[in-house]
């Protein structure tokens, strides 16, 4: 298995496959295709006025906010997101990321691979 | 299980338990104690002249460089580390992080929990 070492900007920013996102891209930074068996590292970027769907699922998120400001909705409650914030969202907790600010909101969001 | 949402700076920067580090701190940002069952998020900070040990182990690293410059040694070869770099280090690959620069090197390093 090879070491992967790239700058994040070399990885394509795609539209998320899940419906219900607006002005949001996803970069799959580290995945199974790189040999990562246990968890994947993704980077999201949400532009002004954009959002991810308000949804829930049976896996967790581990989040680190790299840049910008935004809103994290959990269980219907809005919380301000800022650069340097760390968020653990347990399985089955309804959540949404929104960006009402003028700057792009950029964060890492890691998920487990489940067999 | 609760959502955890904090700024990274509220989490204590500790000396790593492993021997062989110099001028390096670790913050355990998301752990089993938060309910994270599959993987842990840590932040390392290496000051000028500091390093982690050159070692290998049977689990992988998923790394994102937040700030600064440094050197990543893999299999004896030095590679420059820069802000925004993404690194996947597979299990059993010898590696070391070093900071010969004047600025602090700060990066996330995630590891799996193995049962």
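Chains as they are written, first to last, in this note's numbering: chain A, 708 to 822; chain B, 708 to 822. Even for Gly, the Cβ is constructed at its ideal location relative to N, Cα and C.
Contact under 7 angstroms by Cβ, residue i with residue j
{"i": "residue 816 of chain A", "j": "residue 770 of chain A", "result": "yes"}
{"i": "residue 721 of chain A", "j": "residue 737 of chain A", "result": "no"}
{"i": "residue 777 of chain A", "j": "residue 812 of chain A", "result": "yes"}
{"i": "residue 804 of chain B", "j": "residue 741 of chain A", "result": "no"}
{"i": "residue 819 of chain A", "j": "residue 746 of chain A", "result": "yes"}
{"i": "residue 775 of chain A", "j": "residue 749 of chain A", "result": "no"}
{"i": "residue 753 of chain A", "j": "residue 806 of chain A", "result": "yes"}
{"i": "residue 714 of chain A", "j": "residue 791 of chain B", "result": "yes"}
{"i": "residue 708 of chain A", "j": "residue 801 of chain B", "result": "no"}
{"i": "residue 779 of chain B", "j": "residue 773 of chain B", "result": "no"}
{"i": "residue 729 of chain B", "j": "residue 761 of chain B", "result": "no"}
Three-way DSSP call (helix, strand, coil) for residue i in this model
{"i": "residue 722 of chain B", "result": "coil"}
{"i": "residue 732 of chain A", "result": "strand"}
{"i": "residue 739 of chain A", "result": "helix"}
{"i": "residue 758 of chain B", "result": "strand"}
Per DSSP, the bridge partner or partners of residue i
{"i": "residue 788 of chain B", "result": "B:777"}
{"i": "residue 824 of chain A", "result": "Residue 824 of chain A is absent from the structure shown; chain A starts at 708 and stops at 822."}
{"i": "residue 769 of chain A", "result": "A:795 and A:817"}
{"i": "residue 714 of chain A", "result": "B:792"}
Proximity test, Cβ basis, 7 angstroms: residue i and chain D
{"i": "residue 741 of chain B", "result": "Protein chains in the displayed structure are A and B, and chain D is not among them."}
For residue j and residue i, believed in contact at Cβ under 8 angstroms, the rounded distance
{"i": "residue 726 of chain B", "j": "residue 766 of chain B", "result": "Actually they do not touch by this definition, with Cβ atoms about 18 angstroms apart."}
Next item on the list: Check distances from the C-beta atoms of the segment 754–780 of chain B to those of chain A and list, in chain order, the residues that come in under 8 angstroms.
Entry: Within the segment 754–780 of chain B, the qualifying residues are 767, 769, 771, 773 and 779.
Next item on the list: Return the residues of the segment 793–814 of chain B that lie within a Cβ-Cβ distance of less than 7 angstroms from chain A, sorted by chain order.
Entry: Per Cβ criterion, the list reads 793, 794, 795, 796, 797 and 800.
Next item on the list: Would you list, in chain order, the members of the segment 711–738 of chain A that have their beta-carbon closer than 7 angstroms to a beta-carbon of chain B?
Entry: If the cut-off is 7 angstroms between Cβ atoms, the segment 711–738 of chain A has 711, 712, 713, 714, 715, 716, 736 and 737 near chain B.
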